[in-house]
Amino acid sequence: MKLWIAIVALALSGTAARAEVTDATPGGFQVRHEVEIAAPAARVWGVLVQPASWWDGRHTWSGSAANLSLAAASGGCFCEKLPGGGSVLHLSTVNAAPNQKLVLFGALGPLQSSGASGHLGFLLTEAEGKTRLTVTYDVGGYMKGGLDRIAAPVDGVIGQQVARLKRQVESGKPD
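Numbered according to mature numbering (1 follows the signal peptide of the UniProt record, and there is no 0), the sequence shown spans residues -19 to -1, 1 to 156.
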């Protein structure tokens, strides 16, 4: 529930950075973010696969990013430990090419309570010691009222996480 409240609050606050919903219909949407990170792809990858170091804890079910883990190999899990021994499988790894590409499948936040799911992709392209990171989240399926109504809030959250990842890689601090 905390995650849903945070997504709605972010959407209403207008603080989403570089938000781009590239397509939105009642049956699905795509969001896309591109950033240049002043680091080689290997460094970006090393941080990317450690979401506890950069993901915002306000966008977790437990309230703490320290409870997140990511197994960056096919069949791996972007998971979260919950207090009392519970857990959440946010996304599953379907394609992992270290320093190049990571594709995860599943539903984040309130999408887990719907008939929707998607692919969250991270594409890393290195040139001259810098990395162009392209992040897309393609979501489809069913959500009461239509998925188009949640596209902008989801885009805001993804944009925030991309910005935090960039800051973590470049400065060692996500905030």
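Backbone N, C-alpha and C fix where the C-beta goes; we use that ideal spot for every residue, glycine too.
Using a threshold of 7 Å, state whether the C-beta atoms of residue i and residue j are closer than that.
| i | j | result |
| --- | --- | --- |
| Trp35 | Arg145 | yes |
| Val116 | His100 | no |
| Thr41 | Glu61 | yes |
| Phe86 | His71 | no |
| Val30 | Leu63 | no |
| Gly122 | Ser98 | yes |
| Val120 | Gly9 | yes |
| Gln149 | Val28 | yes |
Which partner residues does residue i have in the DSSP bridge list?
| i | result |
| --- | --- |
| Ser98 | Gly121 |
| Asp4 | Gln11 |
| Gly107 | The question names Gly, but residue 107 is Glu in the sequence shown. According to DSSP, Glu107 bridges with Thr112. |
| Gly87 | Leu72, Gly99 |
Who are the Cβ neighbours of residue i in its own chain at under 7 Å, not counting the five residues just before and after it?
| i | result |
| --- | --- |
| Glu151 | Ile18, Ala19, Ala20 |
| Asn80 | Ala22, Ala23, Trp26, Leu105 |
| Ile139 | Val12, His14, Val116, Tyr118 |
| Ile69 | In the sequence under discussion, the amino acid at residue 69 is Val, which differs from the Ile named in the question. Same-chain partners within the cutoff: Trp42, Cys60, Glu61, Leu63. |
Skipping 5 residues on each side, what residues in its chain have a beta carbon closer than 6 Å to that of residue i?
| i | result |
| --- | --- |
| Gly127 | Pro7 |
| Thr3 | Gln11, Arg13 |
| Ala(-4) | Residue placement at Ala(-4) is flagged as unreliable, the pLDDT there being 34, under the threshold of 50; the coordinate-derived value follows with that caveat. Gly137, Gly140, listed in sequence order. |
| Lys147 | Val16, Ile18 |
| Gly96 | Gly122, Tyr123 |
| residue 169 | Residue 169 cannot be examined here, being either before or after the span of the chain that is shown, -19 to 156. |
Between which residues of its own chain and residue i is the CB-CB distance below 8 Å, once the five residues before and five after are set aside?
| i | result |
| --- | --- |
| Ala54 | Thr74, Ala77 |
| Lys82 | Asn76, Gly102, Phe103, Leu104, Leu105 |
| Asp156 | Arg145, Arg148 |
Rounded to the nearest angstrom, how far is the Cβ of residue i from that of residue j, given a contact under 8 Å?
| i | j | result |
| --- | --- | --- |
| Gly57 | Ala46 | Going by Cβ atoms, the distance from Gly57 to Ala46 rounds to 18 Å, so no, they are not a contact pair. |
### Task
Run through the segment 16 to 85 for me and flag every whole beta strand (DSSP E) of 3 or more residues, listed as ranges in chain order.
Fully enclosed beta strand (DSSP E) runs of 3 or longer: 49 to 51, 58 to 62, 68 to 78.
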